[in-house]
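Chemist:
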Amino acid sequence: MEHFVSALGLVVAVPNVIAMFIGSLLGIIVGALPGLGSVVGLTICLPFTFGMDQIPALSLLLGVYCGSVYGGSISAILINTPGTPQSAATCFDGFPMAEAGKADHALGWATSASVIGGLFSCVVLILAAPQLAALALKFGPIETFALIGMALTCIASLSRDNMAKGLLAGVVGLFCATVGPDPVTGDIRFDFGFFALASGLDLIAVVVGVFALAEVFSRVAEWNRIPIPAVRKAGMRLPTWSEWKPRLGVLLKSCTIGSAVGILPGTGAATAAFISYAEAKRSSPRRDGMGHGEPDGIVASESSNNAVTGGALVPTLALGIPGDAITAVMLSTMIIHGITPGVRLMAENADAVYACFIALIVINLLMGVQGFAVAKLFTRILRTPEPLLLSAVVVLCLLGTWGVRGNPFDLVVTLAFGVIGYVMRVFSVPAAPLVIGLVLGPQFEMSLRQGMILTDDDFLAFFVGHPIAVGLFLVTAAILVWPVVRAPLGRLRARRATPKSP
Amino acid sequence: MLKTLISGLAAAGLVAGSAAAAFPDHPVTIIVPFGAGGGTDSDARGFQPHFAAALGGATVIVKNTDGAAGTIGAAEAAKAKPDGYTLGFLPIGPAVIQPHLRQLPYTSESFIPICNINSNPVVLMAAKDSPIGSLEDMKKTLTAEPNKYVYGSSGPGTVPHLAMAAAEMALQVKMKHVPHKGTADAMKSLAGGVIHFFADVPVVISRFETKPIAVFNDTRIPGLDSVPTMKEKGYDLSFSVWRGLFAPKGTPEPVVAALETACRKAAESPGFKEFSAKVNNDVNYMDRKAFAAFVASEVKKNGDILKSVGLTK
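Going down the list, the sequences are from chains W and U. Taking this note's numbering, the leading residue of the first sequence gets 7, the next gets one more, and so forth. Taking this note's numbering, the leading residue of the second sequence gets 283, the next gets one more, and so forth.
#1: Quick one: which residues of the segment 330 to 352 of chain W get their C-beta closer than 7 Å to a C-beta of chain U? List them in chain order.
#2: For U/T341, decide whether its Cβ has a neighbour in chain W, counting only Cβ atoms nearer than 8 Å.
#3: Quick check on U/G526 - is its C-beta less than 8 Å from some C-beta in chain W?
#4: For W/A38, does the count of other Cβ atoms within 10 angstroms reach 16, so buried, or fall short, so exposed?
#5: How about W/N370 and W/V121: are their beta carbons less than 8 Å apart?
#6: Using a Cβ distance threshold of 8 Å, determine whether the segment 336 to 345 of chain W contacts the segment 77 to 93 of chain W, with at least three qualifying pairs required.
#7: Among W/L32, W/N22, W/A13, whose alpha-carbon lies nearest the alpha-carbon of W/Q376?
#8: Among W/I35, W/L66, W/I50, which one has its Cα closest to the Cα of W/D17?
#9: Could you tell me whether the Cβ atoms of W/C261 and W/F126 are closer together than 8 Å?
#10: Alpha carbon to alpha carbon, how far is W/R386 from W/T407? Give it in angstroms, no decimals.
#11: With 16 other CB atoms within 10 Å as the buried threshold, where does U/K560 fall?
#12: With burial defined as no fewer than 16 other Cβ atoms inside 10 Å of the residue's Cβ, what is the status of W/N168: buried or exposed?
#13: Which whole-angstrom value is the C-beta distance of U/G328 and U/F528, which I expect to be below 8 Å?
#14: How long is the line joining the alpha carbons of U/I374 and U/S390, rounded to whole angstroms?
#15: For chain U, find out if any of its Cβ atoms is closer than 8 Å to the Cβ of W/M103; answer yes or no.
#16: Tell me, which residues are paired with U/V314 by DSSP?
#17: Can you tell me whether U/K589 is buried or exposed, with buried defined as 16 or more other CB within 10 angstroms of its CB?
#18: Check whether the segment 319 to 326 of chain U and the segment 357 to 364 of chain U are in contact - that is, three or more C-beta pairs closer than 8 Å.
#19: Output needed in chain order: residues of the segment 343 to 365 of chain U with a Cβ under 9 Å from some Cβ in chain W.
#20: Name the residues in the segment 402 to 434 of chain W whose C-beta lies less than 9 Å from a C-beta of chain U; which are they?
#21: Under 8 Å between the Cβ atoms of U/V342 and U/P309?
#22: Rounded to the nearest angstrom, how far is the Cβ of W/L325 from that of W/G348, given a contact under 8 Å?
#23: Note down, in chain order, each residue of its chain lying with its Cβ closer than 7 Å to the Cβ of U/H332, except the 5 sequence neighbours on either side.
#24: Distance cutoff 8 Å, beta carbons only. Does W/M452 sit that close to anything in chain U?
#25: Identify, in the order they occur along the chain, each residue of the same chain with its Cβ nearer than 6 Å to the Cβ of U/L386, setting aside the five sequence neighbours on each side.
#26: Using 8 Å as the limit for Cβ to Cβ distance, is U/A293 near chain W?
#27: Please list, in chain order, the chain U residues whose beta carbon lies closer than 7 Å to that of W/F198.
#28: Determine the DSSP secondary structure at W/M1, reduced to helix, strand or coil.
#29: Whole angstroms is fine: what's the gap from W/S224's alpha carbon to W/Y428's?
#30: Going along chain W, which residues have a C-beta under 8 Å from U/V441?
#31: Thinking W/I161 and W/P439 are a contact (beta carbons under 8 Å), I'd like their distance in whole angstroms, please.
#32: W/S265 and W/G317 - do their beta-carbons sit closer together than 8 Å?
#33: For the segment 127 to 148 of chain W, which residues have a beta carbon sitting closer than 7 Å to at least one beta carbon of chain U?
#34: Can you tell me whether U/N563 is helix, strand or coil according to DSSP?
#35: If you scan the segment 408 to 436 of chain W from start to end, which runs of the alpha helix (DSSP H) of 4 or more residues do you find wholly inside it?
#36: Just by C-beta distance, which residues in the segment 72 to 91 of chain W are closer than 9 Å to chain U?
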């Protein structure tokens, strides 16, 4: 309790409040700008944190982290361009809502879902960090392989309209993930003699290409044919309780998926959003409307990606093991400020930990309030002349892509995938499976090959003595088989119910 | 990167007014071949203000060029105009090991070593609760059950991998090698019992729960005084992770000399020493003559090990 009180004092100190405010606002803006993602946002702030005190430095970064994950939804909804890969799944229903003139309402759904997701994960982090961290340790390569295998079934759920094309795009995504160094031998694969390809295809570069640039290209191609989506009101309209009530199940499920995915190192918010979206599409009573502007899609994607934030801090704080590039930056900041994450963290730095917890809650609330102000500004974007808007998007995309790794070749990758993304749209091949393949591919391969080394190249050994993995394999099988048996099962039931006509 | 651009523009504005005099008359860029927030990056950013002060208040920009185990950034530094305004802040990996592994647009000879900044010896470690507590235990257990125990690494051809591979050969035992994405991932595997051994710099021991077994160094190291060295146990193995400053080949002599002097001043400044202590780095300044000889010996030593584990190009 005494820690809590002194931590509260640290959090509400004026410099810290300023840090949280600037952090989350900057995060939202960086997140909303296509190409500039969480990592770039943190990198911009990093040099400033060196001169700051412990808690404000961490609050600033936590603010940027949470804000950027939420901010990506704004551009996903307004211009069908996810500001960050984490918000790619928000496009599916966010943009159709905006097209129908309900951009303000879509933003309201995204904002409230993000805030609730973020707060949910704070509670998870505060109540169960050490226990959950122990669970994360049970996930060895074989368990991780099973989990990623399950996550890959998203591709199937997302391509229900055209299975062949969706699976094809997924395979292309997995293939793209193999470009670059072999994770076990270090050999460079598929570089075709170009040194620049040795670093592989960067996720941000590809996402910006197939979503943002492809959107720009198709709008240019269909000039004057698509009317600019009309916004009836600038700003944001929050969903009412009666609208929320039937969607609480989706919300709770997505928050849980997000926190769980966050806790397991190496997966991340983009994966969580896709899994939640796929799950909502499988189980929601409103699934037929999904993809055409059904709030369920926004709720699933946004609550889940923000629920990753607190979850990802579980292994970071409790084990000193960062789950992704974002938490790795936070970890190094902590170390520079004399906080050693890991098993001894709670004993040695209880004040700092409690301060982080409180700051995280405050930031999530702050983010919602700032969302209101920012939404007013951003919805006006739709009133800017389209040529201006599209050119601005292109400039931002290229700037952001270059900013990720400082590698000029990534610009080529973005442009190439912009063209590929456009061609895919023309032939109505969905882009999401490609991104899912690319997101999950590296981890899928790494865990499989690590597992194969451990079992002396015996794949069947994956199914022996790994109860968690076997459980996940069974769930995967069920997910894959269910759609196939559902239809005949339904027919059978219907036939039994109706008495045979004489 | 964005901030490089912004600070570059600001810096350009600042220096535009002053008359061009001796080196440096415009901002110096240090290329860090890894992403922001990593060990090499935070090191370079800690070094940056002291180096800038030692260069007479010049503007020093840290630029991150990430990708392909640091070789994209190292190649950028090697191909930069050799005028001393673009330098590489390179660790052992991209500077010495990677050129052995594959065909790159540069070799270890593409650089003029300016100075070494820090180096940290590598420690062989086991899981906290491991029954193995010494090299003797290790040799006995591993000889009894060959190919049962697993060592991890932070990737193929990294220093932890080379150190473990060399130890495996020296102890004449057989283990499996499971590469990981980085040290943190390997630490998760060590704590979860997936791997049994790992080797990395001492800061890892202070941060995670591990049991140090031996130090790959000629002398015992402070903070781990009770841990024997490989040499004491009769195995002449030493490995360290070091980081130094490199200029592209062809940089004029007076500029190299000026950079060397500035590097010494910065590395030995109380401010940088304090920063290094905070992040558990051992400052180990070497002038360019000593550093060049050291780099050459590292090229040879690591090349030999890579050849014997079958990892050369």
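The beta-carbon is built from N, C-alpha and C at its ideal position, and this holds for glycine as well.
Modeler: Judging by the given coordinates:
#1: A331, A334, V335, S338, I341, I342, G344, T346, G348, V349
#2: Locating residue 341 of chain U in the second sequence gives position 59, counting from the first residue. For U/T341, the answer is no, since every Cβ of chain W falls outside 8 Å of its Cβ.
#3: For the purposes of this step, residue 526 of chain U is taken as the residue at position 244 of the second sequence. It does not: the Cβ of U/G526 has no partner Cβ on chain W nearer than 8 Å.
#4: Here residue 38 of chain W corresponds to residue number 32 of the first sequence, with the count starting at 1. Buried, because 16 or more other Cβ atoms sit within 10 Å of the Cβ of W/A38.
#5: For the purposes of this step, residue 370 of chain W is taken as residue 364 along the first sequence, with counting starting at 1. For the purposes of this step, residue 121 of chain W is taken as residue 115 along the first sequence, with counting starting at 1. Contact flag set, yes.
#6: no
#7: Numbered from 1 along the first sequence, position 370 holds the residue referred to as residue 376 of chain W. Ranking W/L32, W/N22, W/A13 by Cα distance to W/Q376 puts W/L32 first.
#8: By one-based count along the first sequence, residue 17 of chain W stands at place 11. Looking at the sequence shown, residue 17 of chain W is not Asp but Val. Closest by alpha carbon: W/L66.
#9: Position 255 of the first sequence, counted from the first residue, corresponds to residue 261 of chain W. Position 120 of the first sequence, counted from the first residue, corresponds to residue 126 of chain W. Yes.
#10: Against the first sequence, residue 407 of chain W aligns to sequence position 401. Against the first sequence, residue 386 of chain W aligns to sequence position 380. Taking the straight line from one Cα to the other gives about 25 Å.
#11: As a working note, residue 560 of chain U is residue 278 in the second sequence. The residue is exposed, with fewer than 16 neighbouring Cβ atoms inside 10 Å.
#12: In the first sequence, counting from the first residue as 1, residue 168 of chain W sits at position 162. So W/N168 ends up on the exposed side.
#13: Translated into positions along the second sequence, residue 328 of chain U becomes position 46. Translated into positions along the second sequence, residue 528 of chain U becomes position 246. Not confirmed; about 18 Å, so no contact.
#14: By 1-based counting over the second sequence, the position of residue 374 of chain U is 92. By 1-based counting over the second sequence, the position of residue 390 of chain U is 108. Approximately 10 Å between the Cα atoms of the pair.
#15: Walking along the first sequence from the start, residue 103 of chain W turns up at place 97. So, not an interface residue.
#16: What you label residue 314 of chain U is simply residue 32 of the second sequence in a count that begins at 1. DSSP output for U/V314 lists U/N346 as bridge partner(s).
#17: Counted from its first residue, the second sequence places residue 589 of chain U at position 307. By the 10 Å Cβ count, U/K589 comes out exposed.
#18: no
#19: V344, K345, N346, T347, D348, G349, A350, A351, T353, I354, G355, A357, E358
#20: L405, G406, W408, G409, V410, R411, G412, N413, F415, D416
#21: Start at 1 with the first residue of the second sequence, and residue 342 of chain U comes out as number 60. Start at 1 with the first residue of the second sequence, and residue 309 of chain U comes out as number 27. Cβ distance < 8 Å, so U/V342 and U/P309 count as in contact.
#22: Here residue 325 of chain W refers to the residue found at position 319 when the first sequence is read from its first residue. Here residue 348 of chain W refers to the residue found at position 342 when the first sequence is read from its first residue. At roughly 6 Å, the Cβ-Cβ gap stays under 8 Å, so W/L325 and W/G348 are in contact.
#23: The count along the second sequence starts at 1 and reaches residue 332 of chain U at position 50. Within the same chain, U/H332 has close Cβ partners A548, S551, G553, F554.
#24: Here residue 452 of chain W refers to the residue found at position 446 of the first sequence. Taking Cβ atoms only, chain U reaches closer than 8 Å to W/M452, which makes this a yes.
#25: In the second sequence, counting from the first residue as 1, residue 386 of chain U sits at position 104. The answer, listed in chain order, is T353.
#26: As a position in the second sequence, residue 293 of chain U is number 11, starting the count at 1. Note that U/A293 scores a pLDDT of 49, beneath 50, so its modelled location is shaky; the value from the coordinates is reported in the next line. So no, U/A293 is outside the interface.
#27: As a working mapping, residue 198 of chain W is identified with position 192 in the first sequence. What W/F198 touches in chain U: nothing, since even the nearest Cβ is about 13 Å away.
#28: In the structure as shown, chain W starts at 7 and stops at 508, and residue 1 of chain W therefore has no counterpart that could be examined.
#29: Taking the first residue of the first sequence as 1, we reach residue 224 of chain W at position 218. Taking the first residue of the first sequence as 1, we reach residue 428 of chain W at position 422. Each residue's alpha carbon lies about 6 Å from the other.
#30: Residue mapping note: residue 441 of chain U aligns to position 159 of the second sequence, counting from 1. By Cβ distance, chain W contributes nothing, its closest Cβ being about 13 Å from U/V441, past 8 Å.
#31: Locating residue 161 of chain W in the first sequence gives position 155, where the first residue counts as 1. Locating residue 439 of chain W in the first sequence gives position 433, where the first residue counts as 1. Confirmed, Cβ separation roughly 4 Å.
#32: Residue mapping note: residue 317 of chain W aligns to position 311 of the first sequence, counting from 1. Residue mapping note: residue 265 of chain W aligns to position 259 of the first sequence, counting from 1. Yes; because the gap between Cβ atoms is below 8 Å, this pair is in contact.
#33: L143, K144, G146, P147
#34: Your numbering for residue 563 of chain U matches position 281 in the second sequence. Reduced to three states, the DSSP call for U/N563 is coil.
#35: 415 to 432
#36: none
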